[in-house]
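Order-wise, the sequence lines are chains A and B. The opening position of the first sequence corresponds to residue 1421 in my numbering, with each subsequent residue numbered one higher. The opening position of the second sequence corresponds to residue 3 in my numbering, with each subsequent residue numbered one higher.
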Amino acid sequence: MELQFGPGVADFREEVRTWLAEHLVGEFAEHRGVGGPTDGEAWEVRLAWDKELSAGGWLGLGWPVEYGGRGLGLLEEIVFEYEYARAGAPFRATGNGLDLLGPMLVAMGSEEQKRRFLPRILAVEELWGQGFSEPGAGSDLAAVRTRAERDGDEWVINGQKVWTTFGMHADWLYVLARTDPDSQRHKGLSMLLVPADQPGVEIRPIRSLARQDEFAEVFFTNARTRADLVVGEVGQGWRTAMGTLGIERGATLLPLQLTFEREMDALLDLARERGALADPMHRRAVLDAWMSVRIMRTTNLRTVAELLQGRTPGAQATTAKLYASTRHQTMGHVAMEIAGASGQIVGDGYALDNRQRSFLLSLAETIYGGASEIQRNIIGEKVLGLPKDPRPA
Amino acid sequence: MDFSFSEEQDELRATLRSFFARYSTENDVRRIAESGEGYDPDVWRRLGGDLGLQGLAVPEELGGSGFGYAELGVVFEEMGRALLCAPYFATVALAAETLLRCGDEQAAKDYLPGICAGGTVATLALTEEGGAWTEAGVQLAASARNGGWTLAGAKTYVPDGHLADLLLVAARTERGVSLFAVDGAARGLERTALPTLDQTRGQARLEFFNTPARLIGEEGGAWPGIERALATAAILLAAEQVGGAAAALDTAVEYAKVREQYGRPIGSYQGIKHLCADLLTELESARSAAYGGLWVLDAHDEAEVRTAAALAKVYCSEMFTQVASGSVQIHGAIGFTWEHPAHLYFKRAKSSEVFLGTPAHHRSLLAAELGI
């Protein structure tokens, strides 16, 4: 099954295909399908690939031309991501700036912020990290305690952030901080843009259970940033943050889908190689994994098609994350079971093969981006209209 | 194929929903189900005459209106939602599809216009004592006599077989599985309605005593066409299952909003809320399987049809059973009563899971398609 795109984008599609065919070669081609939203595998190659994309003008397709974007529509973005996924290009390393902070600035940033930051994101000159979660504010993000106080024409920031994806690589951080010390919960928060390279900012890697350092914790000790580096209004940071989380990532569903399909192909190969399909239990488990990947694909295509039609995506756009994260974990378990004893041996220095890495990293998928329990609340309350949980006053 | 429904298709859905809200109420469903009559002839006439549903996806030259499977899928989904009691699935998804796939233009011309006009109730008689939806399961004997054919033996679990004016019967000659048309009123045919666990869909046992029959298509060459028709039918059944599950979940969610225990609506407890969320997630995933099948049919993607059909049948079958069971659970004790409609959906779910072959059967078909 393939998405059909109208004749209006035929030339654009051809341009994308031609460019990818000419540039996805050599080292880049050797890293087809490598990486993921929280998988730092082959970081340097992927960063170089992002620069290649930048030089070709393929980043920020939907961003305004005056800030270095191409000013194209959603249709072109989706055509690009579709061809990108088909070609198996490496997972982009700079997703935080491109997919989260950048769109937030486009939507809510000041003119000066847009001119200052957007072109450098597109040039892959500055990488961004997200400062939302805290040790005491995970699913309950409104419990953030990191404070920012005005000192002349600067903010002075104190507190701790955690689970900053690729934080070790960040040049800048976008930080949700409490700017009104007397405020509670969602009120009195502001979205600050903070340079990472200063004495008051310490970024320490968090070693994940995969023994990798993709996440970081960030300590702010009298860190400083300019007073005007607030996105949106001072005190309205919650609205800004929710705007970021709500940015429709229709086009970015496709690369992740491709990753799952590649893993499924690898699982089929493994099962054949090991003769596991003769076992009816293994055969069923492999079939069910295949079905779930195919269903994710159609679900994503439904959402993309609705976005292209200018419709509000249906309930599947909300249930897709819960489904994909849980089914991907199941798939990992099946792969590890079929791999058997040999799958339990790692390389020197806890070096993991693709199967082991994906299996372990998939445990984060039901936690980040809204844990499954939060997803179920959102589905129950926002989609089905069930009454809210009673919350503390 | 664009992975989304058009405005026209949405309008069709809205029209059907209000039609069934009027003509297939819970009272109607219970009345027909318990009477064993199988359908309301007045509503059947409206489906054919007013709405033209029997011929919706049949080409115009054969008396239909030439729409696609996406439209037909919408029809089945809405019928599933309303638990419509009528021989529509047997007539349209099984008989008409088989006639379109049997490679016999004359038979298609002879029978399809009557089906499309709503006058003919038809079905496919395939299964025998073993209940298998397979080529090997076809054992009923057909013999050539005086330039014609007769059938001897029995078919059973035939959907709406006791109601059909036209029976398309799979039988075996020395050349293999062949398809025959038998008049519902033929001499030498005895029909017995079977009492079904799911009273919303009828089944019958058919006994043939040298019953006269007309050969359709090539002798011994019927199986590929039947198999292809069954693939379409599986996708359409999946759409019906999605509709049934959506209704069962809607009812449960509405109940969870108003039923209070410990001074709060039960839907405010995560024990219930998260169950509802999981059921919706399964429903939406199954929707992808069913709709994906419809789009494959409309794209005439023959290489994908069997895969899409097996996927849709397995996934939507298991989902409907899960959702309908969850609906009973959420309703609590009231959901266990005969008076409450939850059991109607639960039983329809289970009968649909087995209908056209169990999930285990369709997993085998899928494995064969994928080469695993």
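Using N, Cα and C, we set each Cβ at its ideal position, and we do this for glycine too.
Cross-strand partners of residue i (DSSP beta bridge)
i                      : result
residue 214 (chain B)  : B:152
residue 161 (chain B)  : B:205
residue 195 (chain B)  : B:206
residue 263 (chain B)  : B:266
residue 1645 (chain A) : A:1575
residue 1625 (chain A) : A:1636
residue 1598 (chain A) : A:1567 and A:1609
residue 1459 (chain A) : A:1456
residue 1554 (chain A) : A:1557
residue 324 (chain B)  : Partner(s): none; residue 324 (chain B) has no beta bridge.
residue 1593 (chain A) : A:1549 and A:1614
Chain-order list of residues whose beta-carbon lies under 7 Å from that of residue i (same chain, five-residue window excluded)
i                      : result
residue 1739 (chain A) : 1799
residue 319 (chain B)  : 243, 354, 355 and 361
residue 120 (chain B)  : 46, 47, 49, 50, 51 and 56
residue 1786 (chain A) : 1745, 1746, 1749 and 1792
Burial state of residue i, where buried means 16 or more other Cβ atoms lie within 10 Å
i                      : result
residue 1534 (chain A) : buried
residue 2 (chain B)    : Residue numbering for chain B in the displayed model covers 3 to 374; residue 2 (chain B) lies beyond these limits and cannot be assessed.
residue 1531 (chain A) : exposed
residue 268 (chain B)  : buried
residue 194 (chain B)  : exposed
residue 3 (chain B)    : Interpretation of residue 3 (chain B) is limited by its pLDDT of 46, a score under 50 that renders its predicted location unreliable; the figure taken from the coordinates is listed afterwards. Counting Cβ neighbours within 10 Å, residue 3 (chain B) comes out buried, since at least 16 surround it.
residue 42 (chain B)   : buried
residue 106 (chain B)  : buried
residue 1810 (chain A) : exposed
residue 359 (chain B)  : buried
residue 340 (chain B)  : exposed
residue 1496 (chain A) : buried
residue 335 (chain B)  : exposed
residue 1745 (chain A) : buried
residue 1424 (chain A) : exposed
residue 17 (chain B)   : exposed
residue 1662 (chain A) : exposed
residue 290 (chain B)  : buried
Same chain only: Cβ atoms within 6 Å of residue i, ignoring 5 sequence neighbours per side
i                      : result
residue 1591 (chain A) : 1546, 1547 and 1616
residue 1573 (chain A) : 1647
residue 104 (chain B)  : 181, 218, 219 and 227
residue 306 (chain B)  : 298
residue 1763 (chain A) : 1756
Start and end residues, alpha helix (DSSP H) containing residue i
i                      : result
residue 1574 (chain A) : Where residue 1574 (chain A) is concerned, there is no enclosing alpha helix (DSSP H), although the beta strand (DSSP E) it sits in stretches over 1574-1585.
residue 1533 (chain A) : 1531-1542
residue 297 (chain B)  : 272-300
residue 94 (chain B)   : No alpha helix (DSSP H) contains residue 94 (chain B), which DSSP labels as neither H nor E.
residue 82 (chain B)   : 71-84
residue 353 (chain B)  : 344-356
residue 1439 (chain A) : 1430-1443
residue 1483 (chain A) : No alpha helix (DSSP H) holds residue 1483 (chain A); DSSP gives it neither H nor E.
residue 1799 (chain A) : Residue 1799 (chain A) -> no alpha helix (DSSP H), and no H or E assigned at all.
residue 363 (chain B)  : 361-372
residue 375 (chain B)  : Chain B is shown only over 3 to 374; residue 375 (chain B) falls outside these bounds and no answer can be derived.
Run of the beta strand (DSSP E) containing residue i, from where it starts to where it stops
i                      : result
residue 1716 (chain A) : Counting along the chain, residue 1716 (chain A) falls outside any beta strand (DSSP E), though it belongs to the alpha helix (DSSP H) covering 1700-1728.
residue 1424 (chain A) : It is not in any beta strand (DSSP E) - residue 1424 (chain A) carries neither H nor E in the DSSP assignment.
residue 182 (chain B)  : 178-185
residue 125 (chain B)  : 124-127
residue 1731 (chain A) : Taken as a continuous stretch (DSSP letters only), residue 1731 (chain A) belongs to no beta strand (DSSP E), as it is neither H nor E.
residue 147 (chain B)  : 143-147
residue 1679 (chain A) : From DSSP, residue 1679 (chain A) is part of no beta strand (DSSP E) but of the alpha helix (DSSP H) over 1673-1693.
residue 173 (chain B)  : 168-175
Proximal residues to residue i (C-beta, below 8 Å), its chain only, five neighbours per side dropped
i                      : result
residue 156 (chain B)  : 130, 131, 142, 207, 208, 209 and 210
residue 1421 (chain A) : With a pLDDT of only 49 at residue 1421 (chain A), under 50, the local geometry of the prediction cannot be trusted, and the value read off the model is given with reservation. Correct list, in chain order: 1717, 1718 and 1721.
residue 1466 (chain A) : 1451, 1454, 1455, 1510, 1511, 1512 and 1513
residue 1736 (chain A) : 1719, 1722 and 1723
Could you check whether the region 309-316 of chain B touches the region 1766-1782 of chain A, counting it as contact only if at least three pairs of C-beta atoms, one from each stretch, sit closer than 8 Å? no
Are three or more beta carbon pairs between the region 126-143 of chain B and the region 77-88 of chain B nearer than 8 Å? no
Answer yes if the region 259-277 of chain B comes into contact with the region 1683-1697 of chain A, meaning at least three C-beta pairs across the two stretches below 8 Å, and no otherwise. no
Count the C-beta pairs between the region 1616-1635 of chain A and the region 1671-1681 of chain A that are closer than 8 Å, then say yes if the count reaches three, no if not. no
Count the C-beta pairs between the region 249-258 of chain B and the region 1700-1715 of chain A that are closer than 8 Å, then say yes if the count reaches three, no if not. no
Could you tell me whether the region 20-37 of chain B touches the region 1752-1762 of chain A, using the rule of 3 or more Cβ pairs below 8 Å? no
Between the region 1650-1659 of chain A and the region 1597-1612 of chain A, can you find at least three pairs of beta-carbon atoms closer than 8 Å? yes
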